[in-house]
Every structure is written in structure tokens, then in C-alpha cells.
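Q: Numbering (the working numbering), first residue to last: 163 to 389. Glycine included, each C-beta is placed from N, C-alpha and C at the ideal position. Handing you a structure now.
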């Protein structure tokens, strides 16, 4: 973005946080005076650039969310593609009983949820990758050749789901030690997963139709801290 676009984006975000009482601007009157002076100099055709620092107090819940997001050593990143566009979710993993979930909508709205249960965190992610609750039952797993991932080799059932998927999700653990990558395809009546055990692995790519309980367990496994 240009400098002007950046300033507009920051100003819009700041107004949103102030209106939601997540930030209090303590020198608001001084800033209003500066804005009026700037408008007057602009109207007179003069160039004046005066900047006054914004003094802010951040609400405790906002400060907690920012600190938990900043200090997490591991996170589960979810990228979700639908006809409405792309959205994201991040689960910041601090321990077996502390998770911060950040959902970023297609419109750029950030929503935060704090939970002390791995099952609750997994359920939130599962609702995003399978929003219609169509994961039915486990099917037979099929190993795929990483060098032949085309329609002729992945099999007709999986290819049909890929072609008709309403939600495509990519789940990946972000940490010093790369973990598994799980791709989900949610169609009208079923959900499939394609799991890659580790990056650049010559084998270990498995595809299968998956039921709701197994999908929840797979997501929970991604959230578990290594022992």
C-alpha cells in the first residue's frame, strides 16, 4: 500500500478499536485540534505536516490477546477457501490447556477466542473446515504418489470431491520443527482429507473420506505439544 493508503487503514482500524472500547485515546482533544488546523492549512493551499503522538490505553482483554499471539512458540494456521473468498484462522498454542484462537474473516475482521481445552480449540477449527457438518464416516485410506498428484492417479472419488469442494482448507503447524500438512475438501455430502506427514517427504501422503470424530481427532493431534 502507498503511505496514504497505510494511514487510512491505520486510522480506520484505530476508530474500530476505539468504538469497541478496546483502546482509549487519552489525548483525543489535542488530536481534534490538530486535525482542524490541518484542514485549515489544506484549504489555504499551504503544506503543513504536524504529527502528534497518539496516547493510548489498551483494554486488558486486548493486551492479553496481543501478548498471547506474540509469545506463542507454536501455532496451527488454517487457510480456508470458499466462493466468498479466503479467510484464515490461527490457534496459538501455549500449553495443553491454553489456546488463543484468532479468526480472520474474508472482510478482514479479527475475532479472538481463549480456551483451556484442546477439544474446544479443535472443535472451532473443525467448524471452519466443515461448516455444514457433512463429515459422515471414515473411508478406506489411500496412499498417493507425491510425483503423480493428478486426476489420473488420485482416483475418481477424490477428484470428484476436489472438483466439487465448497470449502478447501489447509492446516499447517507453524513451529521450529515442521509438522504435518492436512488439506481438507468439504463437498455437499462428504469431507475428504489429504495428509502429508512432513514437508518434502518422498512418501507419506494419505487421502481418505473422513467422519466427524476422526476429523476432530486429526485436528486435535495437530494442536498437541510435542512431549
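Following the continuous beta strand (DSSP E) through residue 372, name the residue where it begins and the one where it ends.
A: That residue, residue 372, is in no beta strand (DSSP E); it is neither H nor E in DSSP.
Q: Within 10 angstroms of its Cβ, does residue 267 collect 16 or more other Cβ (buried), or is it exposed?
A: exposed
Q: Within 8 angstroms of any Cβ in chain B, is that where the Cβ of residue 250 sits?
A: Among the protein chains of the structure shown there is no chain B, as only one such chain exists.
Q: On the DSSP bridge assignment, give the partners of residue 306 in chain order.
A: 367
Q: How many Å lie between residue 375 and residue 247 at the Cα?
A: 27 angstroms
Q: Give the single residue among 341, 343, 371, 335 whose Cα lies nearest to the Cα of residue 351.
A: 371
Q: Pick helix, strand or coil for residue 387, following the three-state DSSP scheme.
A: In the three-state reduction of the DSSP assignment, residue 387 falls in the coil class.
Q: The alpha helix (DSSP H) that contains residue 229, what's its start and end?
A: From DSSP, the alpha helix (DSSP H) with residue 229 extends over 222-233.
Q: By a C-beta neighbour count over all protein chains shown, 10 Å radius and 16 as the cutoff for buried, is residue 334 buried or exposed?
A: buried
Q: Could you please give the first and the last residue of the uninterrupted alpha helix (DSSP H) stretch that includes residue 183?
A: DSSP places residue 183 outside any alpha helix (DSSP H), giving it a letter other than H or E.
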